[in-house]
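Chains as they are written, first to last, in this note's numbering: chain R, 3 to 508; chain G, 51 to 402.
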């Protein structure tokens, strides 16, 4: 495996919440990880633990009511949480590809497979327009950032106003309870004073920003015009060049043998196609690429399959098409959101092998989301166990499977039978906490038989077990009582290690 | 294994679905001649990839489909039988040359009588007998009527069984809800108010309320979340121990089937290819399809995963059935396998 220490993606303290009528649902609460080049990071957890939301945030496809409250996602020197939607278009798909969970519902049932695979290529393939955009990109980015800053300032003002109002009511209440030495009017005046000074200050800032914005807009307009001119000129030159060539060829045709004539005609057609391809990704070009990708993901007869509808494919084949769509643009990072949950064992094994092959071939970094621990053991270099919007344990595959530390990991491992288990399974009691009201302490405490008093009061930090292995549980604190993992896992790990030793000695 | 009368026995069962007419006629052989027995108190696992006919088998046994051919006996009585095969034989009888005219006539009457008998059996279902067989469905969301309360859903079976007094029914429903780990006050709620695991519990409650002897569990856990899978599995295990229910467990997850079942049948394209004790099957699988299926199971063990090799199964190259068609044969007591004579020899050599 070609693994380097180059970091592809650096997610830092990512916090995401969704606004609902009942309040804010805190789906992701401070997730940090680094994804290295050529590495597979598996994210495991129950449904509703925030796995998919994390992935979707990285792709920039959060639902409309979702907001990123805090944190950053660094990719190639840019913070994906801050860039504009326009710019995100260029990254999404091209750099970060995603395979969705259900191949039934992620394909359009009334659109031919071919069109679905080529759709992205054709949409993104307007070369002239893209070049123009690149030329005035800097000016555009400046305007966008100014817009954002103004918005931010306005929001600050609103927030401040609300905060002061709250403070005012609190202080007034205090006065009514005779706990304060101030009078009502004093308090009101004080707050008013503070508010107005803040307002004038921010208003001034906004004013200056607006002036800047006006200037930036002028520059943008100029740059746009310039870019248009340059690109048009280039296009005209190219066109003239090709037309000239075609003219020459046509001259040649007049006094040539019939065989030669046919050849020249083909050449002319090629030239024309080339010109079209200079302008945009043509349908023909997209089809060529699509068929190449379809072959790569193991679809037989791609030429025929290209014109079929999703219902004519089996589940495994459909998942292959979804993978093909993700691969058309040659992404660096592939996010697989439960790609095999809807498939049965043999097909699952094929798809996993395919993803593994593609990963090595294209040197992809993969984020693999699943709840099947067997699949994880097969695919992952590193594993993150997620619960209630947080990573509770992070380590290499060996760390997590042979030396798990967090009670939740224990519970997950012991809730699934493997081929040798005979004991009663340890089902995790209860349900995950309601993320409208995230618990104050350790989110897993209510369902945890090893929970201590501190678990209900304070969230455990990430304790380092080894260089590669981290876990967020108070059990790892030096003052904590020694707790052994449940017998069922202990036996299983012993058995697994014994088996692997046997393998080695063979 | 006891030599008693099996609780359920399936003989040469076939279920074909046809669509279209004339040139476009297409016959899908979902089950193509399977036979097995299920004994009292055991858990019989049925595995195979999707589309191999596992679910159809379950649904045919409980009479949701009328079988094309073959018979199903439950508690010693024939509950369902198909007669298409006999009809075909009747048609071809005229052209058979190995029989004399008299024999043909005799056979004709025999077949006609048999067809009549089977039709009668299909028509006159013994309701009290069928109540001893219940089914748990795969998808807990689609299999519960959203307009009925939990009590109505669970009590439906009781009403059909002839219970009429409301307080008796309510008491029984509450009892069953407690057994499956729900609360009596849940009875007045609607299915959408429950989580996936709880809904599956309602499905189980509906099945066990009439105190059946035999339950067909059609992938009861594959639509559930990891942690809830364990809860439902433990529940089924408890029920089996406490109530002595015989279960036919249909699933595609091999580690779950292994954990749960006493005997396992492996299905491939409408046929049972191997049937054996679960430990035996996993220790020495003989049929190439079983081997390929076992080699595809990922286990939570990274070192094992790194060395695991998957076998491909290709029915065209792995078997040579040009000389003799395969049948299900008992290679050693309790271990059945689909093979012809040459292959049996090969497998026997492999076992030693």
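Every residue, glycine too, gets a C-beta built ideally from N, C-alpha and C.
Under the 8 Å criterion on CB atoms, residue 317 (chain R) is classed as interfacial with respect to chain G. Neighbours of residue 79 (chain G) in chain R, taken as residues at a C-beta separation under 8 Å, are lacking, since the least C-beta distance is about 17 Å. By the criterion of at least three beta-carbon pairs nearer than 8 Å, the region 297 to 316 of chain R is in contact with the region 111 to 119 of chain R. Around the beta carbon of residue 346 (chain G), a 10 Å sphere encloses 16 or more other beta carbons of the protein chains shown; the residue is thus reported as buried. Along the region 267 to 303 of chain G, the alpha helix (DSSP H) occurs as fully enclosed runs of 4 or more residues at 276 to 293, listed in sequence order. Residue environment analysis places residue 276 (chain R) among the exposed positions, since fewer than 16 neighbouring C-beta atoms fall within 10 angstroms of its C-beta. The closest CA to that of residue 71 (chain R), considering only R:150, R:347 and R:20, is found on R:20.
Within the same chain, 166 come within 8 Å of residue 196 (chain R) by CB-CB distance, once the 5 residues on both sides are set aside.
Residue environment analysis places residue 103 (chain R) among the buried positions, since at least 16 neighbouring C-beta atoms fall within 10 angstroms of its C-beta.
In this structure, DSSP gives residue 164 (chain G) a helical state, which the three-state scheme calls helix.
Using beta-carbon distances, residue 376 (chain R) counts as an interface residue toward chain G, with a partner under 8 Å. Straight across, the Cα-Cα distance linking residue 415 (chain R) with residue 57 (chain R) is about 23 Å. Against residue 501 (chain R), the close residues of chain G are 354, in the order they occur along the chain (beta-carbon pairs closer than 7 Å). One thing to note: residue 224 (chain G) has its Cβ within 8 Å of the Cβ of residue 237 (chain G).
One thing to note: residue 135 (chain G) has its Cβ within 8 Å of the Cβ of residue 119 (chain G). For residue 315 (chain G), no Cβ of chain R is located within less than 8 Å of the residue's own Cβ. About 6 Å separates the CB atoms of residue 331 (chain R) and residue 122 (chain R); that is less than 8 Å, so the two are in contact.
Here residue 316 (chain G) is near residue 343 (chain G), since their CB atoms are less than 8 Å apart. At a cut-off of 8 Å between C-beta atoms, residue 348 (chain R) counts as an interface residue with respect to chain G. Take the alpha-carbon of residue 432 (chain R) and the one of residue 291 (chain R): they are about 50 Å apart. For residue 76 (chain G), the beta-bridge partners assigned by DSSP are G:69. Take the alpha-carbon of residue 221 (chain R) and the one of residue 243 (chain G): they are about 58 Å apart.
When secondary structure is reduced to three states using DSSP, residue 184 (chain G) falls in the strand class. A direct Cα-to-Cα measurement between residue 396 (chain R) and residue 272 (chain G) gives close to 27 Å.
Put simply, the backbone Cα of residue 440 (chain R) is about 11 Å away from that of residue 461 (chain R).
For residue 348 (chain G), at least one C-beta of chain R is nearer than 8 Å to its own C-beta.
A residue is called buried when at least 16 other Cβ atoms come within 10 angstroms of its Cβ; residue 437 (chain R) meets this threshold and is buried. The shortest C-alpha to C-alpha distance from residue 473 (chain R) to any of R:428, R:484, R:406 and R:435 is the one to R:406.
Proximity of chain R to residue 359 (chain G) at the Cβ level (cut-off 8 Å) is not reached, the minimal Cβ distance being about 11 Å. For the 8 Å CB-CB criterion, residue 204 (chain G) and residue 255 (chain G) form a contact. In the structure shown, residue 80 (chain R) adopts extended strand secondary structure according to DSSP, grouped into three states. A Cβ-Cβ separation of about 17 Å leaves residue 191 (chain G) out of contact with residue 267 (chain G) under the 8 Å criterion.
Judged by their CB atoms, residue 413 (chain R) and residue 430 (chain R) are nearer to each other than the 8 Å cut-off. Against chain R, a Cβ distance below 7 Å from residue 187 (chain G) picks out nothing, because the smallest value is about 18 Å. As summarised for the region 24 to 97 of chain R, the continuous beta strand (DSSP E) elements at least 3 residues long and confined to that stretch are 25 to 38, 42 to 46 and 68 to 77, given in chain order. Of the other Cβ atoms in all chains shown, fewer than 16 fall within 10 Å of the Cβ of residue 68 (chain G); this residue is therefore exposed.
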